[in-house]
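Numbering (UniProt numbering), first residue to last: 1 to 297.
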């Protein structure tokens, strides 16, 4: 099997997980559960992969890490983060759960870049033993370098069995035009925008109307940034399909304790106190084939 430049930056660990090395930084995957509403209860339906940089063992802000990366490296770093999330998802997440991973549309400047990204993803999925239909490709809010290239790439992802999500709807470039162009399966609403709309009756009515419009088109909706119980209650009343936020579960570094979260794991639509963490069970990672360098004890 061929190896891309990103594979040289991957370190495999004895527990089956992987981390990345980029310059002075160590990169780890964190996963945050996404819950679906079902008959007054919440069920874990998927997990979003989030990158967590460390420098000399100390956690760093993802924003500060990406800001220190030269533009010329962004394409490789994005591919590295996707690879890490997929490998770690295969090692420590429930086998039926969806996996949400981000794509920055600004790095796909021509067809050859898009084709390589797709080819590399297929290789990683084979290595991680993950079916393509579990993967949700989130197109983030950045402006695309080429609308035609982005559209063709999204169509290629869809043709290979991946689902498409538009991230941060309501922020920057993630507007109704992007929805019309990409025809996503899922729309993730920008957290700050949702919170603003929830603060007034007129705003909430608009939010509910938008959710209903998407649902009528067969597009599922996710409200991010749910941090308080009243927000969760309004999210359910609005008709949103799914929710994500600290009030429900915080991100965990791989290996996570989320392996116990399966399709039958449900909870009432109530949330714990702000400082209370959801109960979890230790994971049982599947044995993995070697991919990347072995960690040195």
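Here a beta-carbon is modelled for each residue, glycine too, at the ideal position from N, C-alpha and C.
Item to complete: Could you pull the start and end residues of the alpha helix (DSSP H) that residue 41 belongs to?
Response: Counting along the chain, residue 41 falls outside any alpha helix (DSSP H), though it belongs to the beta strand (DSSP E) covering 41 to 55.
Practice prompt. Assign residue 205 to one of three DSSP states: helix, strand, or coil.
Written response: helix
Practice prompt. Classify residue 20 as helix, strand or coil using the three-state DSSP reduction.
Written response: strand
Worksheet item: In the DSSP assignment, what residue or residues form a beta bridge with residue 140?
Response: For residue 140, which the question treats as bridged, DSSP gives no partner whatsoever.
Worksheet item: Which value, in whole angstroms, describes the spacing of the CA atoms of residue 216 and residue 42?
Response: 22 Å
Item to complete: Could you tell me how far apart the beta carbons of residue 124 and residue 87 are, in whole angstroms, since I believe they sit closer than 8 Å?
Response: 7 Å
Worksheet item: If you compare alpha carbons, which of 39, 130, 60, 80 is closest to residue 90?
Response: 130
Worksheet item: Helix, strand or coil: which one does DSSP assign to residue 12?
Response: strand
Worksheet item: If you draw a straight line from the alpha carbon of residue 92 to that of residue 202, how long is it in whole angstroms?
Response: 43 Å
Discussion item. For residue 241, tell me which candidate among 231, 249, 221, 226 has the shortest Cα-Cα distance.
Written reply: 221
Discussion item. Going by DSSP, what residue range makes up the alpha helix (DSSP H) through residue 166?
Written reply: First-last for residue 166: 163 to 169, but that is the beta strand (DSSP E), not the alpha helix (DSSP H).
Fill in: Supposed contact pair residue 170 and residue 208 - C-beta distance, whole angstroms, cut 8 Å
Between residue 170 and residue 208 the Cβ distance is about 14 Å, and since that is not below 8 Å, they are no contact.
Worksheet entry | residue 24 versus residue 72 - alpha carbon distance | 17 Å
Worksheet item: Taking the DSSP output, what are the residues bridged to residue 30?
Response: 50, 253
Practice prompt. With a threshold of 16 other CB atoms inside 10 Å of the CB of residue 117, please say whether the residue is buried or exposed.
Written response: So residue 117 counts as buried.
Worksheet item: Roughly how many angstroms separate the alpha carbons of residue 139 and residue 177, rounded to a whole number?
Response: 13 Å
Worksheet item: According to the neighbour-count rule (16 or more other Cβ atoms, all chains shown, within 10 Å of its Cβ), is residue 29 buried or exposed?
Response: With 16 or more Cβ atoms within 10 Å of its Cβ, residue 29 is classed as buried.
Practice prompt. Mind the definition here: the stretch 224 to 232 touches the stretch 250 to 257 only if three or more C-beta pairs lie below 8 Å; say whether that holds.
Written response: no
Discussion item. For residue 149 and residue 103, what's the separation of their Cα atoms in angstroms?
Written reply: 13 Å
Discussion item. I'd like to confirm the pairing. Which residues does DSSP put opposite residue 98 in its beta bridges?
Written reply: 46
Worksheet item: Cα separation between residue 21 and residue 83?
Response: 13 Å
Worksheet entry | Cα-Cα separation, residue 223 to residue 243 | 5 Å
Worksheet item: On the premise that residue 80 lies in contact with residue 157, defined as a C-beta separation below 8 Å, what is that separation, rounded to the nearest angstrom?
Response: That belief does not hold up - the Cβ atoms of residue 157 and residue 80 are roughly 19 Å apart, past 8 Å.
Fill in: Sequence ranges, alpha helix (DSSP H) only - wholly within the stretch 100 to 128, length at least 4
111 to 128
Discussion item. Give me, in chain order, the residues of the same chain whose beta-carbon lies closer than 6 Å to that of residue 219; leave out the 5 immediate sequence neighbours on both sides.
Written reply: 187
Discussion item. I'd like to check one pair, residue 44 with residue 62: are the Cβ atoms closer than 8 Å?
Written reply: No. Outside cutoff.
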